[in-house]
Amino acid sequence: MKRYLAYILGFAIFVYLVINMDFKGLLIFARTISLKIVLLLLSLQIMTIMLLGIQWKLIISWIRKDIRFYDALKINLKGNIVDALSPGVKVGGELARVYEIKNALNMEMGEAILVVGLQKTLSITSFIFLVIFSLIWLYITTAGNNLYFRAFLVPILVFLIILMGFIFFFLRIDLERTKKVLKKIRIKDAKKEKIYNWVSQYRNNLNKMLENKGKFYFQLLLGISIWLLFAVKLAILIRGYNISIDFISAAAITYLTYIIGMLPLLPGGIGSFETSMVGLLALKGIEVGNGIAISVVFRFVTFWFEFLMSFLILFFDKVFKLLTIRNDINMLKVQIKEDKKYFLPSLITYTNMLFGIIAIWLSSTREVKNIKVSCILVILAAIVDKIDGLVARKFNLTSSFGRELDSLCDLLSFGLAPVVIWWNLNGGYLKMLELVISILFVGAGIFRLARFNIDEDYEYIKGLPITLAGSFFAIKHLIDINYRIQSNIPLFNENVIILTLLSVFMVSRFRIKRPSI
Numbered sequence: 001m002k003r004y005l006a007y008i009l010g011f012a013i014f015v016y017l018v019i020n021m022d023f024k025g026l027l028i029f030a031r032t033i034s035l036k037i038v039l040l041l042l043s044l045q046i047m048t049i050m051l052l053g054i055q056w057k058l059i060i061s062w063i064r065k066d067i068r069f070y071d072a073l074k075i076n077l078k079g080n081i082v083d084a085l086s087p088g089v090k091v092g093g094e095l096a097r098v099y100e101i102k103n104a105l106n107m108e109m110g111e112a113i114l115v116v117g118l119q120k121t122l123s124i125t126s127f128i129f130l131v132i133f134s135l136i137w138l139y140i141t142t143a144g145n146n147l148y149f150r151a152f153l154v155p156i157l158v159f160l161i162i163l164m165g166f167i168f169f170f171l172r173i174d175l176e177r178t179k180k181v182l183k184k185i186r187i188k189d190a191k192k193e194k195i196y197n198w199v200s201q202y203r204n205n206l207n208k209m210l211e212n213k214g215k216f217y218f219q220l221l222l223g224i225s226i227w228l229l230f231a232v233k234l235a236i237l238i239r240g241y242n243i244s245i246d247f248i249s250a251a252a253i254t255y256l257t258y259i260i261g262m263l264p265l266l267p268g269g270i271g272s273f274e275t276s277m278v279g280l281l282a283l284k285g286i287e288v289g290n291g292i293a294i295s296v297v298f299r300f301v302t303f304w305f306e307f308l309m310s311f312l313i314l315f316f317d318k319v320f321k322l323l324t325i326r327n328d329i330n331m332l333k334v335q336i337k338e339d340k341k342y343f344l345p346s347l348i349t350y351t352n353m354l355f356g357i358i359a360i361w362l363s364s365t366r367e368v369k370n371i372k373v374s375c376i377l378v379i380l381a382a383i384v385d386k387i388d389g390l391v392a393r394k395f396n397l398t399s400s401f402g403r404e405l406d407s408l409c410d411l412l413s414f415g416l417a418p419v420v421i422w423w424n425l426n427g428g429y430l431k432m433l434e435l436v437i438s439i440l441f442v443g444a445g446i447f448r449l450a451r452f453n454i455d456e457d458y459e460y461i462k463g464l465p466i467t468l469a470g471s472f473f474a475i476k477h478l479i480d481i482n483y484r485i486q487s488n489i490p491l492f493n494e495n496v497i498i499l500t501l502l503s504v505f506m507v508s509r510f511r512i513k514r515p516s517i
């Protein structure tokens, strides 16, 4: 229920944002610029999205190695959607990323927070360098005494100090200091332990990253490259309006506009972003009308286009998953229907096995009446085995699985059961000879079954089937019980010869034509 409410709320906010978007103004401004430039800007924005996905993948891979690029990309895209709906610094987007990392990748909450914290630390560190450079550049080249610039300067500096404090805190976080602070806070010990473990894990991973200078500098370089792409997009857009501006000034305007847009005023910085860009462009002598056109198109490329791309990718990903799940369900239903057909012959095969197990169990009592029942059960198992084959062939339900299952059950009912019955009937009279002959019989039965399973000649039967061998020996036991034990006639050792002959017949290569039934 909560999931559906979240979908409804997200869709409602999406509709709200779309309704409040000035499509008419965007179309008017878009007509004043070349389509080639717009397509180039959109391509650069797609490249930016891909680079951000790579950055997330690399950071997550420090903790979990088996992360796929597409999974990392989706995490960032979901964060982008929430970023668009949350004011300024976009804490909501980071919380969404934490939640998605935890649930989609099955990571611990502490690990998810750690990943987001590391990414934010690297991204903001790169951004701060660029913002400081931008302030110095604009102050020197353009606006040292400009009242409009000074009005921007104070909130930018305050927010910059806050961001630097954030970076300093996360780079210099200390375990001992954390432990002392936690002791003073009145919360449950379990929560204190969780916080301390997270800080410890964060510190350890950060130390590993800082120790590996190449990895750390690569991430900083990647972060700066991503931010530079935004400056490149603005510079291309300004040139598209036939306005001359140096790249460094375009970059400075880009980063100062973004830091003002981060101030928590409106969702996604809408309004404050455009206003600040128009004002900063005016400092470089660009008319307000052109400034509005540039800010609206730039905002569409870097905000609305990214928002729509994120929404569409995630939407079609969800649709594809639902279709895949539905297809899997349909395939499962077909498989279940298919498997149902094999249920009857398998059930008959298991009945064969059941008779064999009961025969072994009853004969272990060494009571003559129970041994007699055991022999009858072996004969019944042979009848059931024959019925099993008839049913499978009649209804075309033969399968390699059924053949293997049938062989294992036959080994139990016609290989082991007759031998165990013989042991219990003899009472260990033949000693070691009894063991040797038993091994010979069971081994021959295994060989016969294995050969049968790989034999593709279905017209002839090769060697004596173990079913007949086991049944014949069970019948011989019944004869012994009825006409020798009950008539006080001593048992002869012909059973040794019979078992030996049956073993030879099973492994022999003589062939008889298979009955047509």
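Read in UniProt numbering, the sequence shown has 26 at position 26, and its numbers run on one by one without any break. By construction, the Cβ of each residue, glycine as well, lies at the ideal position given by its N, Cα and C atoms.
Through-space distance from residue j to residue i, alpha-carbon basis
i, j, result
"ARG511", "LEU502", "15 Å"
"ALA474", "ILE376", "8 Å"
"THR351", "ILE75", "54 Å"
"VAL296", "GLU274", "7 Å"
"GLY268", "ILE325", "Here the model assigns GLY268 a pLDDT of 46, short of 50, so the residue's position is not dependable and the matter cannot be decided."
"SER407", "ARG68", "45 Å"
"LYS188", "ARG177", "18 Å"
"PHE414", "MET353", "10 Å"
"ALA417", "GLU434", "15 Å"
"ILE245", "PHE127", "22 Å"
"ILE243", "ILE286", "8 Å"
"ASN482", "ILE371", "11 Å"
"GLY427", "PHE401", "38 Å"
"ILE37", "LYS321", "35 Å"
"ASN453", "GLY443", "16 Å"
"GLU367", "ALA359", "12 Å"
"ARG484", "CYS409", "31 Å"
"ILE479", "ASN495", "12 Å"
"ILE54", "SER34", "31 Å"
"ILE42", "ILE248", "The sequence as given places Leu at residue 42; Ile does not occur at that position. For LEU42 and ILE248, the distance between alpha carbons rounds to 22 Å."
"LEU411", "ASN204", "59 Å"
"LEU430", "LYS476", "17 Å"
"GLU456", "LYS65", "48 Å"
"TRP422", "ARG403", "28 Å"
Sheet register partners of residue i (DSSP bridge)
i, result
"ARG97", "According to DSSP, which records beta bridges pairwise, ARG97 is partnered with nothing at all."
Limits of the unbroken beta strand (DSSP E) element including residue i
i, result
"ARG511", "511–513"
"TYR460", "460–462"
Same chain only: Cβ atoms within 6 Å of residue i, ignoring 5 sequence neighbours per side
i, result
"PHE505", "LEU464"
"MET277", "THR257 and SER295"
Sequence-distant residues of its chain with Cβ nearer than 7 Å to residue i (five each side left out)
i, result
"ILE348", "VAL384, ILE387, ASP388 and VAL391"
"LEU280", "ILE253, LEU256 and THR257"
"ALA112", "VAL98, ILE101 and LYS102"
"THR142", "LEU283 and LYS284"
"residue 519", "Absent from the structure is residue 519, since the part of the chain shown begins at 1 and ends at 517."
"LEU77", "SER310, ILE313 and LEU314"
"residue 518", "The question about residue 518 has no answer, for the chain in this structure spans 1 to 517."
"TRP56", "ALA72, ILE75, ASN76 and GLN119"
"LYS179", "TYR196"
"VAL507", "ALA444, PHE447, ARG448 and GLY463"
Boundaries of the alpha helix (DSSP H) in which residue i is found, first to last residue
i, result
"THR141", "Element bounds for THR141: n/a, residue is neither H nor E."
"ASN426", "417–426"
"THR302", "Element bounds for THR302: n/a, residue is neither H nor E."
"LEU380", "368–394"
"ASN495", "494–507"
"TRP56", "35–61"
"ARG484", "Element bounds for ARG484: n/a, residue is neither H nor E."
"GLY214", "213–240"
"ASN106", "No alpha helix (DSSP H) holds ASN106; DSSP gives it neither H nor E."
"ASP455", "No alpha helix (DSSP H) holds ASP455; DSSP gives it neither H nor E."
"ARG186", "Premise fails: ARG186 is in no alpha helix (DSSP H) and is neither H nor E."
"SER249", "247–261"
"ASP410", "400–410"
Close-in-space but distant-in-sequence residues of the same chain around residue i (CB under 8 Å, 5 per side omitted)
i, result
"SER364", "VAL420 and ASN424"
"ARG514", "TYR458, GLU459, TYR460 and ILE461"
"GLU108", "LYS102"
"LEU362", "ASN370, ILE371, VAL373, SER374 and LEU377"
"SER225", "LEU51"
"ASN197", "GLY110"
Check: residue i C-beta below 8 Å from any heavy atom of the ligand FMN
i, result
"LEU397", "Annotation note on the ligand FMN: not contained in the displayed structure, which lists no ligands."
Exercise for the section: Would you be able to state if there are at least three C-beta pairs under 8 Å between the stretch 213–229 and the stretch 48–55? Expected result: Three or more beta-carbon pairs drawn from the stretch 48–55 and the stretch 213–229 are found closer than 8 Å, and the two stretches are therefore classed as touching.
Exercise for the section: Would you check if the stretch 437–449 and the stretch 371–388 touch, i.e. whether three or more CB-CB distances between them fall below 8 Å? Expected result: Touching, no, given that fewer than three Cβ pairs across the two stretches are closer than 8 Å.
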